[in-house]
Amino acid sequence: MDLDVDRRALAVVAAGGVLGALARYGIGVAWPHAPAEFPWATWSINVSGCFLIGVLYTLLARFRGGYRLTRLFLGTGVLGGFTTFSTAEVDVQRGAPVVYLAATIVGALLAVWAGSTLVSAAWKRS
């Protein structure tokens, strides 16, 4: 099976993913929590990342053209590497309250909506 791989796309996603994952790791190290405590670092990372995804995709939707690699680098790569449901799941398995899962889902959805709404409102004013 011959897969036609866009090497530029693969490179920008990989580079962005490394940056996002390193940022997530750094925040986790700087803001640790005990197994039974609420994982504020992971929650903050996921919610802020969702806000930024809402901002990014709303901005990129306003422009047509050569932003495919920008979207892949920042959205799929950096923010995809920064936010992660798997880390949230590990935190829950370690004893954080199940309420955390609900808080993450609700917080993430509200953050995407807020980021998108903020950009749309700012765009209308300009």
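Under the working numbering, the residues of the sequence shown are numbered 8 to 133, in order. In this text, a Cβ means the ideal position worked out from N, Cα and C, and glycines have one as well.
Query raised in the report: Between which two residues does the alpha helix (DSSP H) carrying G114 extend?
Result: Counting along the chain, the alpha helix (DSSP H) containing G114 begins and ends at V106 to R132.
Query raised in the report: When DSSP labels each residue in this structure, what does W38 get in the three-state scheme?
Result: If DSSP states are grouped into helix, strand and coil, W38 belongs with coil.
Query raised in the report: If you draw a straight line from the C-alpha of G24 to the C-alpha of G56, how long is it?
Result: Between G24 and G56, the C-alpha separation is close to 13 Å.
Query raised in the report: Which class does T90 belong to by DSSP, given the choice of helix, strand or coil?
Result: When DSSP states are grouped into helix, strand and coil, T90 belongs to the coil group.
Requested in this report: Give the straight-line distance between the Cα atoms of L125 and W50, rounded to the nearest whole angstrom.
Outcome: As the crow flies, the alpha-carbon of L125 is around 21 Å from that of W50.
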